[in-house]
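Asker:
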Amino acid sequence: MMEKFRSFARWEFIVAFCYFVVLLFEIEVIFPVEKMLLAPYPYVASLVFLPHAVRVLSTVIVGPKVFFVLFPTILVSGYFLFDSYEGGLTRLLVMDAAIGAACSPLAYLFVKWINRNTPEFQLTLLNWRTVFLIGAIASVWNSLMRVTLLNELDQLHDIVNAVAKVIIGDMAGLAIGLVALVFLFRLVRRGRI
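Structure follows, in structure tokens:
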């Protein structure tokens, strides 16, 4: 039991740091570029949300217990980096952090349950398609919960539009994160890093 705790504690700081850095990059670089390019369109969600990749990949690497790292990290990041929470620990911020932190671990457990919790499931996590499937399920759940619980949209067209934008942003962020990791692993394997 202690060995599992020690291995988790090693990843705790790395996951929190990666999430914070990627979210800061998203806020400082991606959001302004999107606002500049998509100025005439209403802004609901980022079309490339890179922190989703961190949530999914950290869940695949560490397991569902990563929720206990992601929740406080998303809570603190939201508190300090977003003006929309009015500088306070609001119910909206706590719900947003809980939704963001829970979707990937829940998707991981769902895919594990579908695979009947077999030992081969651990081997399939090395398969990028399984990682992408976990990310897709997490993205759908994330978008549905985020739009229904956090937004005050009353028309079906607006709800579907918002859900689609969140899914597109999450999946684009996950795809870019996976491609970046492939290139990083190739550089490491060739000894350039």
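Residues in the sequence shown are numbered consecutively from 74, following my numbering.
Beta carbons: idealized from backbone N, C-alpha and C, even for Gly.
#1: Assuming L179 and W201 make a contact with CB atoms under 8 Å, what is their CB distance in whole Å?
#2: Give the range of the alpha helix (DSSP H) segment to which A253 is assigned.
#3: Grouping DSSP H, G and I as helix and E and B as strand, with all else coil, what is G208?
#4: Could you tell me the boundaries of the alpha helix (DSSP H) in which I187 lies?
#5: Cβ of V127 within 8 Å of Cβ of C176?
#6: In terms of residue numbering, what span does the alpha helix (DSSP H) encompassing A126 cover?
#7: Let's test the definition: count the other Cβ atoms within 10 Å of the Cβ of K108 and tell me whether it reaches 16, buried, or not, exposed.
#8: Where do the ends of the alpha helix (DSSP H) carrying S150 lie?
#9: Around the C-beta of I87, are 16 or more other C-beta atoms found within 10 angstroms, so that it is buried, or is it exposed?
#10: Assign R164 to buried or exposed, taking buried as 16 or more other Cβ atoms, counted over all protein chains shown, within 10 Å of its Cβ.
Answerer: Checking against the coordinates, here is how it stands:
#1: The pair is not a contact, with the Cβ atoms about 20 Å apart (cut-off 8 Å).
#2: 229 to 262
#3: helix
#4: 164 to 187
#5: no
#6: 124 to 135
#7: exposed
#8: 140 to 154
#9: exposed
#10: exposed
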